[in-house]
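**Student:**
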Amino acid sequence: MTPPPTVKVELLLQGGHHQTVYLQSSDPLLQRLFQAVLPSSQRPRPPELFQIPLQAGHAGLCFSSEHLVGLVTEPPMYIQSALDPAPTPEVIPSPYVQMDQFLTAAEHQALLQAAIQQEVLFMPTQTTTDTPDYRQSMILPDLDGLADRVMERIEQVLPKVLTQLKLPSFKPSEIETQLTSHNDGNFYKLHNDNGSPDTATRELTYVYYFYKEPKPFSGGELRVYDSKIENNFYVAADSFQTVDPRNNSIVFFLSRYMHEVLPVSCPSQDFADSRFTINGWIRR
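This is the structure:
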């Protein structure tokens, strides 16, 4: 089961003080904080004392709800005023960028052959929640430089990608990468890529596709779901975009978007006929 999304919360306190904490969207503390910034006539209880652990419990922040001026949340979250009618959830589009011919033909072929030669080193993938039957694929634990050229190209095109996605420019703190293969019957069910405390700073997800020609498999499309806000956090809408895994192309989208990999059909079941990807995450 997909864990609740992690929310970056900046607490704005009287006197110009502020503090950033990370909370799961389902955390009752987050709801209490929202209630504390309601107008006094709408608050369900008198002022209360907040005591929030910091630095893995080595420090703590204490303040009265009366001193809480506001909250800045990422992704944006909203609380409904008791005076407002219940809104109909608005569908928020989840755009993506896909670039073709990302590597030269020679670079693409060299990467493909290198991946195939590493077959014995691939291991089954897992999810952070160890949920059974949620993800089936294989991953190469040690890339040993295989993805260097892809990483270089990502750094080159990132400013253009941010512009196309209408995101503010930023310098990545880290670009994570892995090499994944999907063969017959493999898939990855609906999930996002920054829904836990250790992944909360992932801003963009990327997927570079490479495989043999003629294409030896079918399926394996990436389905990126639009979003809507329910109960103050992002969830998948019913609408979506389906991304064709075009050979030697790369896709970028926000890591908070819900997405899935549709099942792959590879009649030969040969490892060399797999749908290969260099995929990973760009952290702020």
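Throughout, the numbering used here is defined as the position within the sequence shown, counted from one, plus 52. Think of the CB as a built atom: it goes at the ideal place given N, C-alpha and C, for glycine as much as any other residue.
Assuming V313 and Q150 form a contact by the criterion Cβ under 8 Å, report the distance between their Cβ atoms to the nearest whole angstrom.
**Tutor:** With 8 Å as the limit, V313 and Q150 do not qualify as a contact, their Cβ atoms being about 15 Å apart.
**Student:** Starting from I206, follow the alpha helix (DSSP H) in both directions and report where the run begins and ends.
**Tutor:** Counting along the chain, the alpha helix (DSSP H) containing I206 begins and ends at D200 to Q216.
**Student:** Using CA coordinates, which residue listed in Q103, D200, P315 and L217 is at the minimum distance from Q230?
**Tutor:** Of Q103, D200, P315 and L217, the residue nearest in Cα terms is D200.
**Student:** In its own chain, which residues sit with a C-beta less than 6 Å from the C-beta of A252, not counting the 5 before and 5 after it?
**Tutor:** Once the five neighbours on either side are set aside, the close Cβ partners of A252 are T58, Y74 and N246.
**Student:** Excluding sequence positions up to five away, which residues of its chain have a Cβ less than 8 Å from the Cβ of V124?
**Tutor:** Contacts found: V61, E62 and L64.
**Student:** Considering only their Cβ atoms, is the gap separating Y240 from L298 smaller than 8 Å?
**Tutor:** Checking the sequence, you will find Arg at residue 298 rather than Leu. Contact flag unset, no.
**Student:** Leaving aside the five residues before and after H160 along the sequence, list all residues of the same chain whose C-beta is less than 7 Å from its C-beta, in chain order.
**Tutor:** Contacts found: F262 and N300.
**Student:** Can you tell me which of the three DSSP states R275 falls into?
**Tutor:** In the structure shown, R275 sits in a strand (DSSP, three-state: E or B).
**Student:** Since W333 and E204 should fall inside the 8 Å C-beta cutoff, what is the C-beta to C-beta distance between them, to a whole number of angstroms?
**Tutor:** With a Cβ gap of about 17 Å, W333 and E204 do not count as contacting.
**Student:** Could you tell me if H69 is buried or exposed, where buried requires 16 or more neighbouring beta carbons within 10 angstroms of its beta carbon?
**Tutor:** Result: exposed.
**Student:** Looking at the unbroken alpha helix (DSSP H) that takes in E159, where does it start and where does it end?
**Tutor:** Element bounds for E159: A157 to Q169.
**Student:** Would you decide whether V276 is buried or exposed? Buried here means 16 or more other CB atoms lie within 10 Å of its CB.
**Tutor:** The residue in question, V276, is buried, as its Cβ has 16 or more Cβ neighbours within 10 Å.
**Student:** What three-state label does DSSP hand F174 in the structure shown?
**Tutor:** DSSP places F174 in coil when its eight states are reduced to three.
**Student:** Taking Cβ positions, are S189 and S233 nearer each other than 8 Å?
**Tutor:** Result yes, Cβ atoms of S189 and S233 sit closer than 8 Å.
**Student:** Tell me where the beta strand (DSSP E) around A108 begins and ends.
**Tutor:** Run containing A108: none; DSSP gives neither H nor E here.
**Student:** Give the C-beta separation of L173 and L192 to the nearest angstrom, bearing in mind that I take them to be a contact with Cβ-Cβ under 8 Å.
**Tutor:** Yes, they are in contact, since the Cβ atoms of L173 and L192 sit about 6 Å apart, within 8 Å.
**Student:** Any idea what DSSP makes of T183, helix, strand or coil?
**Tutor:** In this structure, T183 counts as coil in the three-state DSSP scheme.
**Student:** Using DSSP's beta-bridge definition, name the partner residues of L81.
**Tutor:** Note: L81 sits in no beta bridge, so no partner.
**Student:** Please go through the same chain and pick out, in chain order, the residues whose beta-carbon is closer than 6 Å to the beta-carbon of F102, but skip the five residues on each side of it.
**Tutor:** Around F102: F115.
**Student:** Return the first residue and the last residue of the beta strand (DSSP E) that E226 is part of.
**Tutor:** Element bounds for E226: E226 to H234.
**Student:** From the DSSP output, read off the bridge partner residues of E126.
**Tutor:** For E126, which the question treats as bridged, DSSP gives the partners K60.
**Student:** Answer with buried or exposed for F305, where buried requires no fewer than 16 other C-beta atoms within 10 angstroms of its C-beta.
**Tutor:** Buried, by the Cβ-count rule.
**Student:** So, helix, strand or coil for A252, using DSSP?
**Tutor:** Coil, per DSSP.
**Student:** On the criterion of 16 or more Cβ atoms from any shown chain inside 10 Å, does E255 qualify as buried, or is it exposed?
**Tutor:** Per the 10 Å Cβ criterion, buried.
**Student:** How big is the Cα-Cα spacing for R336 and Y309?
**Tutor:** C-alpha separation (whole angstroms): 16 Å.
**Student:** Cutting at 8 Å between CB atoms, please list the residues of its own chain near I168, excluding the five before and the five after it.
**Tutor:** Hits under 8 Å: F323 and A324.
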